[in-house]
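A.B. asks: Handing you a structure now.
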Amino acid sequence: MRTVLQRVSKASVTINGKKKAEIQYGLLILLGICEEDNAEDIDWLVKKIINLRIFDDENSVMNKSILEINGEIMVISQFTLYASYKKGNRPSWIKAAKPDIATPLYLEFCSHLKTALGKNIATGDFGADMKVELLNDGPVTICMDSKNKE
Numbered sequence: 050m051r052t053v054l055q056r057v058s059k060a061s062v063t064i065n066g067k068k069k070a071e072i073q074y075g076l077l078i079l080l081g082i083c084e085e086d087n088a089e090d091i092d093w094l095v096k097k098i099i100n101l102r103i104f105d106d107e108n109s110v111m112n113k114s115i116l117e118i119n120g121e122i123m124v125i126s127q128f129t130l131y132a133s134y135k136k137g138n139r140p141s142w143i144k145a146a147k148p149d150i151a152t153p154l155y156l157e158f159c160s161h162l163k164t165a166l167g168k169n170i171a172t173g174d175f176g177a178d179m180k181v182e183l184l185n186d187g188p189v190t191i192c193m194d195s196k197n198k199e
């Protein structure tokens, strides 16, 4: 699994002209899933994301986790994180998991994240054409790949 984490002051997702979800201070997570991903990838990423100290403390030092600031989380599926661009100029999505594999993993990731956070998380709709708006705070943007744990 690949993620792009963005610390945000606010974020929202709109589908077919209707706002589906929005959050205030917290994390916008773009999530890409490949065919080899499994529950172990979910567990590792959720634990890492929940405990990542990227929020400012009282001294403006990134020293607090999403749990410590009682922040919100939005997860957006993003198969394009598995773009292959080595050949030619048109990206290939061959490494991204097909919906029959990716959808259950996406839902499981969101469920585990909700449990770890202790409150609901905002989501888009898997596979939908989504318009995502965000105000990146910092900016702080971190890429994670569950296949690069070391």
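Just remember that this note's numbering sits 49 ahead of the position in the sequence shown, which is counted from 1.
Heads up, the beta-carbon is just placed ideally off N, CA and C, and yes, glycines get one too.
Measuring CB to CB, does Asn108 end up less than 9 Å from Leu154?
C.D. replies: Stepping through the sequence shown from its first residue, residue 108 is reached at position 59. Stepping through the sequence shown from its first residue, residue 154 is reached at position 105. Result no, Cβ atoms of Asn108 and Leu154 do not sit closer than 9 Å.
A.B. asks: With DSSP run on the structure shown, which of helix, strand or coil describes Ile150?
C.D. replies: By one-based count along the sequence shown, residue 150 stands at place 101. Helix at Ile150.
A.B. asks: Compute the distance between the beta-carbons of Tyr131 and Arg51, then report whether it is under 9 Å.
C.D. replies: As a working note, residue 131 is residue 82 in the sequence shown. As a working note, residue 51 is residue 2 in the sequence shown. Cβ distance < 9 Å, so Tyr131 and Arg51 count as in contact.
A.B. asks: Closer than 6 Å by C-beta to Ala171: which residues in its own chain qualify, once you throw out the five before and the five after it? Chain order, please.
C.D. replies: Here residue 171 refers to the residue found at position 122 when the sequence shown is read from its first residue. Closer than 6 Å at the Cβ level, and outside the excluded window around Ala171, lie Ala70, Ile72, Met123.
A.B. asks: Thinking C-beta only, is Leu94 closer than 9 Å to Ile125?
C.D. replies: If you number the sequence shown from 1, residue 125 lands on position 76. If you number the sequence shown from 1, residue 94 lands on position 45. Cβ distance not < 9 Å, so Ile125 and Leu94 don't count as in contact.
A.B. asks: Where does Ile112 fall in DSSP's three states?
C.D. replies: Counting from one through the sequence shown, the residue named residue 112 turns up at place 63. According to the sequence provided, residue 112 is Asn. The question's Ile does not apply to it. Three-state DSSP puts Asn112 in a strand.
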